[in-house]
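Visitor:
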Amino acid sequence: MDYSPYPERYSAISFNRCGKSGVMLSPLSLGFWHNFGDYNARDNALAMVQTAFDHGITHFDLANNYGPPPGSAEECMGWILHRSLLPYRDELFISTKAGHFMWPGPYGDGGSRKNLLASLDQSLKRLRLDYVDLFYIHRYDPETPVEETASALAHAVHSGKALYVGISKFPQEAARAIYRILSDMHIHVLAHQFRYNIWVRQAEQDQIPSLREMGLGGIAFSPLAQGMLSDKYLHGIPVDSRAAGPSCFLKREHVEEKSHQIQQLDVLAHERGQTLAQMALSWVLRRPEITTCLIGASRPQQIIDCLPALQHISWSQEELDKIDHIVGIRAPFS
Ligand SMILES: NC(=O)c1ccc[n+]([C@@H]2O[C@H](COP(=O)([O-])OP(=O)(O)OC[C@H]3O[C@@H](n4cnc5c(N)ncnc54)[C@H](OP(=O)(O)O)[C@@H]3O)[C@@H](O)[C@H]2O)c1
Numbered sequence: 000m001d002y003s004p005y006p007e008r009y010s011a012i013s014f015n016r017c018g019k020s021g022v023m024l025s026p027l028s029l030g031f032w033h034n035f036g037d038y039n040a041r042d043n044a045l046a047m048v049q050t051a052f053d054h055g056i057t058h059f060d061l062a063n064n065y066g067p068p069p070g071s072a073e074e075c076m077g078w079i080l081h082r083s084l085l086p087y088r089d090e091l092f093i094s095t096k097a098g099h100f101m102w103p104g105p106y107g108d109g110g111s112r113k114n115l116l117a118s119l120d121q122s123l124k125r126l127r128l129d130y131v132d133l134f135y136i137h138r139y140d141p142e143t144p145v146e147e148t149a150s151a152l153a154h155a156v157h158s159g160k161a162l163y164v165g166i167s168k169f170p171q172e173a174a175r176a177i178y179r180i181l182s183d184m185h186i187h188v189l190a191h192q193f194r195y196n197i198w199v200r201q202a203e204q205d206q207i208p209s210l211r212e213m214g215l216g217g218i219a220f221s222p223l224a225q226g227m228l229s230d231k232y233l234h235g236i237p238v239d240s241r242a243a244g245p246s247c248f249l250k251r252e253h254v255e256e257k258s259h260q261i262q263q264l265d266v267l268a269h270e271r272g273q274t275l276a277q278m279a280l281s282w283v284l285r286r287p288e289i290t291t292c293l294i295g296a297s298r299p300q301q302i303i304d305c306l307p308a309l310q311h312i313s314w315s316q317e318e319l320d321k322i323d324h325i326v327g328i329r330a331p332f333s
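Just so you know, we're using our numbering here: the sequence shown kicks off at 0 and counts up by one.
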């Protein structure tokens with residue numbers, strides 16, 4: 000759909016429909032997992048969100064536990080909205096999640112109704128909003144009956160605190176089960192969120208195959224493998240990178256282990272006329288099941304640098320085979 004003659008910010012973006020729904024999402028979305036907590040500069044956070052929005056990114060992805068400390072990324076977004084973007088609330092698509100550990104005691108974790116609905120109320124307070132556009136169960140909780148989780152998500156919609164609901168990192172059978180239960184309650188699951196990038200392809204077996212039949216949008220997180228699929232680690236580990244920081248999710252060893260492949264992928268990216276980050280995003284977006292890539296960023300320029308990926312998402316089989324070869328996946332029939 001073409002949104003130009005509207006404001007300049009939509010002129011370069013072609014929006015994707017999120018599964019079988021009325022919701023259109025920007026093919027790149029900005030996530031708040033890192034760099035929006037209390038230890039990060041608020042002005043930089045504001046500049047990143049404004050830069051994203053100014054370039055047509057309408058979807059911002061949060062979770063109750065993003066920070067650190069947990070909750071502070073939502074507080075940061077609440078501050079950003081009131082400082083700058085609240086007049087554009089109806090042009091924004093804001094998601095949050097609950098289901099990972101958030102507060103002590105037996106009720107601050109998992110997929111129970113008790114946890115999910117208390118958490119949603121807390122998130123709305125931190126975000127300073129009356130409703131979120133999308134509320135996710137952040138993980139599959141095998142200890143809680145899926146019917147209970149579904150009833151909490153349905154309540155979130157019926158109470159007007161969430162317009163849509165989604166699931167994150169659900170195994171295929173559990174995804175089908177919660178989808179069926181919610182469908183019987185006349186609630187459509189909007190989207191399934193999972194890790195998907197050149198190195199991490201489990202979603203091709205687990206989540207992606209069932210998206211179409213259920214009509215869910217596919218939302219790929221960590222498409223840049225937390226920054227490893229960019230040119231930032233080509234010449235070592237910069238001091239201001241995630242791998243050099245306190246994050247326990249990306250360590251120096253991860254980068255060192257992939258260093259040789261990063262160099263080879265970078266060569267292929269240049270052959271395609273892209274940066275490595277742009278190629279990594281194009282690779283994820285080549286699949287029609289993927290509605291949007293959730294990128295992270297530590298500075299506004301990174302968001303701008305990712306955008307040209309959207310201009311070149313077509314691939315030859317030879318290029319795809321080269322990627323598979325570099326990362327050690329044998330191309331079919333080769
Ligand atoms: N559902 C879930 O369980 C789950 C789990 C993980 C993530 N997520 C969502 O997905 C979002 C994205 O995850 P992610 O942060 O791992 O995504 P990512 O896009 O794979 O990595 C983001 C990092 O890549 C680097 N980067 C971004 N653009 C760059 C560019 N143009 N050039 C060079 N480096 C660039 C930055 O690293 P530096 O910070 O080092 O500069 C940035 O922080 C999260 O914020 C969250 O919303 C969801």
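A virtual CB, placed ideally from N, CA and C, is assigned to each residue, including glycine. Bear in mind the structure is a predicted one, so any value in this text is a computation, not a measurement.
Label alanine 11 either buried or exposed according to how many other C-beta atoms from any shown protein chain fall within 10 Å of its C-beta, with 16 as the threshold for buried.
Guide: Answer is exposed; the Cβ neighbour count stays below 16.
Visitor: Cα-Cα, which of Lys19, Gln260, Asp230, Gln310 is closest to leucine 215?
Guide: With distances taken between Cα atoms, leucine 215 lies closest to Lys19.
Visitor: Identify whether isoleucine 322 lies in helix, strand or coil by the three-state DSSP scheme.
Guide: Helix at isoleucine 322.
Visitor: Mind pulling the beta strand (DSSP E) runs of 3 or more residues that sit fully within the stretch 169 to 204?
Guide: You should have 188 to 194.
Visitor: Is alanine 161 helix, strand or coil by DSSP?
Guide: The answer is strand: DSSP assigns alanine 161 an E or B state.
Visitor: With DSSP collapsed to three states, give me the class of histidine 311.
Guide: DSSP places histidine 311 in coil when its eight states are reduced to three.
Visitor: Can you determine whether any heavy atom of ligand 1 sits closer than 7 Å to the C-beta of asparagine 34, and answer yes or no?
Guide: The answer is yes for asparagine 34.
Visitor: On the CB-based measure, 16 or more other CB atoms within 10 Å of its CB, does methionine 0 come out buried or exposed?
Guide: Low confidence applies here, because methionine 0 scores a pLDDT of 46, under 50, leaving its location unreliable and the question unanswered by this model.
Visitor: I want to check one thing, is the minimum distance from the CB of aspartate 304 to the heavy atoms of ligand 1 below 7 Å?
Guide: Because some heavy atom of ligand 1 lies under 7 Å away, the Cβ of aspartate 304 counts as near it: yes.
Visitor: What residues are listed by DSSP as bridge partners for leucine 24?
Guide: Asn15, per the DSSP bridge assignment.
Visitor: Going straight from the alpha carbon of leucine 189 to that of cysteine 17, what length do you get?
Guide: Their Cα atoms are separated by approximately 7 Å.
Visitor: Examine ligand 1 and report whether any of its heavy atoms sits within less than 7 Å of the Cβ of glycine 295.
Guide: Yes; taking the cut-off as 7 Å, the Cβ of glycine 295 has a heavy atom of ligand 1 nearer than that.
Visitor: Using CA coordinates, which residue listed in Trp32, Glu7, Phe14 is at the minimum distance from leucine 249?
Guide: The shortest C-alpha separation from leucine 249 is found at Trp32.
Visitor: Consider the C-beta atom of aspartate 60 and the heavy atoms of ligand 1; say whether any pair is separated by less than 7 Å.
Guide: Yes, the beta carbon of aspartate 60 sits closer than 7 Å to at least one heavy atom of ligand 1.
Visitor: Mark glycine 104 as exposed unless 16 or more other C-beta atoms lie within 10 angstroms of its C-beta, in which case mark it buried.
Guide: With fewer than 16 Cβ atoms within 10 Å of its Cβ, glycine 104 is classed as exposed.
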